[in-house]
Amino acid sequence: MTREKFISEVRTCQGQLRRFLASLCGDAALADDIAQEALTRAYVTSGRFIGNFKAWLFRIAYNCFIDHLRRSPGPSVDLDSREAMRLTGGAASDASFELEELQRALALIPEKERTAIVLFYFEDLPIKEISSIMGSPAGTVKYYLSVGRNHLKEHIRQ
Amino acid sequence: MKDIEQILREGKPELPDEGAFLIETNARLSKVEGIKQEVDGERRRGRRALLIALAAGLCVGILLTLLVLFYPIPSFTENLSALAKAASALQSHKAFLFIPVAGCAIALSLLLMNKKGEVL
Numbered sequence: 001m002t003r004e005k006f007i008s009e010v011r012t013c014q015g016q017l018r019r020f021l022a023s024l025c026g027d028a029a030l031a032d033d034i035a036q037e038a039l040t041r042a043y044v045t046s047g048r049f050i051g052n053f054k055a056w057l058f059r060i061a062y063n064c065f066i067d068h069l070r071r072s073p074g075p076s077v078d079l080d081s082r083e084a085m086r087l088t089g090g091a092a093s094d095a096s097f098e099l100e101e102l103q104r105a106l107a108l109i110p111e112k113e114r115t116a117i118v119l120f121y122f123e124d125l126p127i128k129e130i131s132s133i134m135g136s137p138a139g140t141v142k143y144y145l146s147v148g149r150n151h152l153k154e155h156i157r158q
Numbered sequence: 159m160k161d162i163e164q165i166l167r168e169g170k171p172e173l174p175d176e177g178a179f180l181i182e183t184n185a186r187l188s189k190v191e192g193i194k195q196e197v198d199g200e201r202r203r204g205r206r207a208l209l210i211a212l213a214a215g216l217c218v219g220i221l222l223t224l225l226v227l228f229y230p231i232p233s234f235t236e237n238l239s240a241l242a243k244a245a246s247a248l249q250s251h252k253a254f255l256f257i258p259v260a261g262c263a264i265a266l267s268l269l270l271m272n273k274k275g276e277v278l
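Note that the protein sequences, when read in sequence, are chains P and G.
In terms of our numbering, the first sequence has 152 at position 152, counting the first letter as 1, and numbering is strictly consecutive.
All you need for our numbering is the position in the second sequence, starting with 1, plus 158.
Laid out in structure tokens, this is it:
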């Protein structure tokens with residue numbers, strides 16, 4: 001794949017990529033760092049790429065996120081940080097509160113459930129594509145979605 | 159209280175548009191251009207080595223099969239029962255000999271190509 005084609009493909013999905021990683025990390029700045037690392041890795045190995053570019057890129061980004069967790073397995077980002085607040089948007093106060101609660105709850109559930117939830121509800125991806133991104137069977141992804149929803153419900157009610 | 163699925167569908171976060179993101183991406187890609195060319199070159203060399211190894215293995219396998227078919231070894235192992243049985247088994251299945259021979263030739267060629275690649 002030429003550099004021009006690569007940049008053109010990245011341009012169409014960079015917003016979704018950054019949003020996906022920001023929802024996983026809870027920190028927009030960290031998400032952008034991981035996104036840059038993922039894009040660099042993707043470009044170097046783009047000679048072997050065949051198929052769905054977005055799913056392939058998201059797979060690399062997800063692996064970069066996992067690598068980051070392994071390198072620094074600290075506690076989740078403080079949701080009162082400015083970076084986290086940027087994610088909630090500027091809606092009316094009730095909706096804004098709901099978004100804050102959702103972001104807070106997302107940071108508390110396990111990483112695999114969070115990934116499945118973010119990819120299904122925020123990125124509107126089908127189960128099959130989520131399965132290829134996470135490297136888990138479709139049945140397992142459905143399980144993560146179901147359990148993730150239940151965990152979110154518990155955290156939001158608290 | 160809203161259904162959790164409704165909350166999730168309405169709770170899609172929006173990030174501020176950062177034009178600087180693509181600018182930085184471009185800068186990083188320029189830095190790794192050399193590495194990419196090296197990786198692509200390595201991949202091309204590997205593919206070429208594999209094709210050569212396959213062709214070499216098939217040729218060696220076919221040659222040896224023809225050799226066995228047209229120049230069978232005379233049986234002088236009648237006194238040694240185990241060896242006689244092995245020779246007899248090979249004689250009766252000689253048409254399939256080329257498969258393991260080709261396999262060994264391919265594996266050997268791949269190993270030699272890999273070694274050559276490491277040296278280069």
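Yeah, the Cβ is synthetic: ideal placement off N, Cα and C, and Gly gets one too.
(request) Would you mind telling me which residues of chain G sit closer than 9 Å to P/D27, beta carbon to beta carbon, in chain order? (result) The contacting residues do not exist; P/D27 stays about 12 Å from chain G at best.
(request) Could you name the residues of chain P that G/I165 contacts, counting a contact when the two beta carbons are closer than 7 Å? (result) E98 and L102
(request) Using a Cβ cut-off of 7 Å, pull out every chain G residue sitting near P/I127, in sequence order please. (result) Chain G residues near P/I127: none, gap ~15 Å exceeds 7 Å.
(request) Please check the pair P/C64 and P/A38, which I expect to be a contact at CB under 8 Å, by giving their CB distance rounded to whole angstroms. (result) 4 Å
(request) Over the uninterrupted alpha helix (DSSP H) stretch that includes P/M134, give me the two end residues. (result) I127 to M134
(request) Kindly list the residues whose CB is nearer than 6 Å to the CB of P/C25, restricted to its own chain and excluding five residues on each side of it in sequence; keep chain order. (result) A31
(message) I'd like to know whether the C-beta of G/F256 is nearer than 8 Å to at least one C-beta of chain C.
(response) Absent here is chain C; the protein component of the structure consists of chains P and G.
(request) Could you work out which residues of chain G lie near P/L39, taking near to mean beta carbons separated by less than 8 Å? (result) T183, R186 and L187
(request) State the Cα-Cα distance for the pair G/L224 and G/M271, rounded to the nearest angstrom. (result) Rounded to the nearest angstrom, the two C-alpha atoms are 26 Å apart.
(message) Can you pull out the residues from the stretch 190-203 of chain G whose beta carbon lies closer than 7 Å to at least one beta carbon of chain P?
(response) V190, I193, K194, V197, D198 and R201
(message) I need the boundaries of the alpha helix (DSSP H) containing G/Y229, first residue and last residue.
(response) Careful: G/Y229 lies outside any alpha helix (DSSP H) and carries neither H nor E.
(request) Since I believe P/A55 is in contact with P/I133 (beta carbons under 8 Å), could you give me their beta-carbon distance rounded to a whole number of angstroms? (result) Contact flag correct, Cβ pair sits at about 6 Å.
(request) Please list, in chain order, all residues of the same chain as P/E83 whose beta carbon is under 6 Å from its beta carbon, the five residues on each side excluded. (result) Any reading at P/E83 must be qualified, since the residue scores a pLDDT of 43, below 50, and its modelled position is unreliable; no value is offered.
(request) Pick helix, strand or coil for G/K170, following the three-state DSSP scheme. (result) coil
(message) Just checking: is the beta-carbon of P/T115 within a distance shorter than 8 Å of some beta-carbon in chain G?
(response) Residue-level contact check: P/T115 does not touch chain G, since none of the beta carbons of chain G fall below 8 Å from its beta carbon.
(request) Please confirm whether G/L212 and G/F256 have their CB atoms less than 8 Å apart. (result) no
(request) Could you name the residues of chain P that G/L209 contacts, counting a contact when the two beta carbons are closer than 7 Å? (result) Here the premise fails: no neighbours, minimum Cβ distance about 17 Å.
(message) Residues of chain G with CB closer than 8 Å to the CB of P/E10, please, in chain order.
(response) Checking the sequence, you will find Val at residue 10 of chain P rather than Glu. Simply L180 and T183.
(message) Pop quiz: P/T2 and G/R186 are said to be a contact at Cβ under 8 Å. What is the actual Cβ separation, rounded to whole angstroms?
(response) Actually they do not touch by this definition, with Cβ atoms about 17 Å apart.
(request) Pull up the distance between the alpha-carbon of G/R203 and that of G/L209, whole angstroms please. (result) The alpha-carbon atoms of G/R203 and G/L209 are separated by roughly 10 Å.
(message) In the DSSP assignment, the alpha helix (DSSP H) including P/D32 goes from what residue to what residue?
(response) Taken as a continuous stretch (DSSP letters only), the alpha helix (DSSP H) holding P/D32 covers A28 to V44.
(request) Starting from P/P147, follow the alpha helix (DSSP H) in both directions and report where the run begins and ends. (result) Per the sequence shown, the amino acid found at residue 147 of chain P is Val instead of Pro. Where P/V147 is concerned, the enclosing alpha helix (DSSP H) stretches over A138 to R157.
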